[in-house]
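Q: Structure incoming, see below.
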Amino acid sequence: MFATAFGSLVAVDDAALAASKAHCNTEIAAGTHVLEVDGYDVLLYVPESAPDRHVPLVVNLHPSFGSGEATLAQSMHVADENGFAMLAPSGAVPIDIFGTSIFEWNVPGVPLFSFGGGYAPPGTRDDVAFIEQAIDAAAEEMCINLARVYVTGFSGGARMASQLACDLSDR
Numbered sequence: 030m031f032a033t034a035f036g037s038l039v040a041v042d043d044a045a046l047a048a049s050k051a052h053c054n055t056e057i058a059a060g061t062h063v064l065e066v067d068g069y070d071v072l073l074y075v076p077e078s079a080p081d082r083h084v085p086l087v088v089n090l091h092p093s094f095g096s097g098e099a100t101l102a103q104s105m106h107v108a109d110e111n112g113f114a115m116l117a118p119s120g121a122v123p124i125d126i127f128g129t130s131i132f133e134w135n136v137p138g139v140p141l142f143s144f145g146g147g148y149a150p151p152g153t154r155d156d157v158a159f160i161e162q163a164i165d166a167a168a169e170e171m172c173i174n175l176a177r178v179y180v181t182g183f184s185g186g187a188r189m190a191s192q193l194a195c196d197l198s199d200r
């Protein structure tokens, strides 16, 4: 099925919509929730308008030297104003600067700033698979319209968003 929105042709995945309707937790409260995904904390923000209905999900990816917590704090108001849930994970590569934990994304084939242009050490978490698991975890926690999952990011988060667009475009 196809629908037009703002003059653009947008594909609506009927199977994803049916899957999201099959499981819908309406018991979740509005506010920030911590999901554990593969041993890591991921923040899920549920706006006041969302708990009892299917809503879009925006995965908001922090820049290099940022965190999911900081990115969520700066953008929750956008989710509130527009009625979507927001997922805010942190990248796999931790950096400690003056006692502050910040992160970079492990984007396949992309050098890191923190390693002087080198790559993530062997065994570093696969952030593509991690974010895919985080999306699934969010869908288990609340009513997510799986046909309307979006990714955005700034700087290093934009690089990660581009990788996700390539690797998870079938979702």
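Residue numbering for the sequence shown follows this note's numbering, beginning at 30 and increasing consecutively.
Cβ atoms here follow ideal geometry from the backbone N, Cα and C, with glycine treated the same way.
Values in this document were obtained by computation on a predicted structure and should not be read as measured data.
Measure the C-alpha to C-alpha separation of M189 and F183 and round it to an integer number of angstroms.
A: Along the sequence shown, one-based indexing puts residue 189 at 160. Along the sequence shown, one-based indexing puts residue 183 at 154. M189 and F183: Cα-Cα distance of roughly 9 Å.
Q: Measure the Cβ-Cβ separation of A149 and V122 and say whether it is below 8 Å.
A: For the purposes of this step, residue 149 is identified with residue 120 of the sequence shown, where counting begins at 1. For the purposes of this step, residue 122 is identified with residue 93 of the sequence shown, where counting begins at 1. Their beta carbons are under 8 Å apart, which means A149 touches V122 by this criterion.
Q: To the nearest angstrom, how far is it from the Cα of S104 to the Cα of F113?
A: Translated into positions along the sequence shown, residue 104 becomes position 75. Translated into positions along the sequence shown, residue 113 becomes position 84. Roughly 12 Å separates the two Cα atoms.
Q: Please check the pair H62 and E170, which I expect to be a contact at CB under 8 Å, by giving their CB distance rounded to whole angstroms.
A: Stepping through the sequence shown from its first residue, residue 62 is reached at position 33. Stepping through the sequence shown from its first residue, residue 170 is reached at position 141. Between E170 and H62 the Cβ distance is about 7 Å, and since that is below 8 Å, they are a contact.
Q: In the DSSP assignment, find the alpha helix (DSSP H) that holds G147 and state where it starts and stops.
A: Within the sequence shown, residue 147 is the residue found at index 118, counting from 1. That residue, G147, is in no alpha helix (DSSP H); it is neither H nor E in DSSP.
Q: Around the C-beta of A167, are 16 or more other C-beta atoms found within 10 angstroms, so that it is buried, or is it exposed?
A: Residue 167 sits at position 138 when you count from the first residue of the sequence shown. A167 should be labelled buried.
Q: I think F132 touches G186, with their Cβ atoms under 8 Å apart; what is that distance to the nearest whole Å?
A: Along the sequence shown, read from residue 1 onward, the residue named residue 132 stands at position 103. Along the sequence shown, read from residue 1 onward, the residue named residue 186 stands at position 157. The Cβ separation is near 10 Å, so there is no contact.
Q: At which residue ranges does the stretch 130–189 contain complete beta strand (DSSP E) runs of 3 or more residues, listed in the order of the chain?
A: 173–182, all fully within the stretch 130–189.
Q: Keeping to the same chain, check which residues put their C-beta closer than 7 Å to that of T100; ignore five residues upstream and five downstream.
A: What you label residue 100 is simply residue 71 of the sequence shown in a count that begins at 1. N89, H91, A117.
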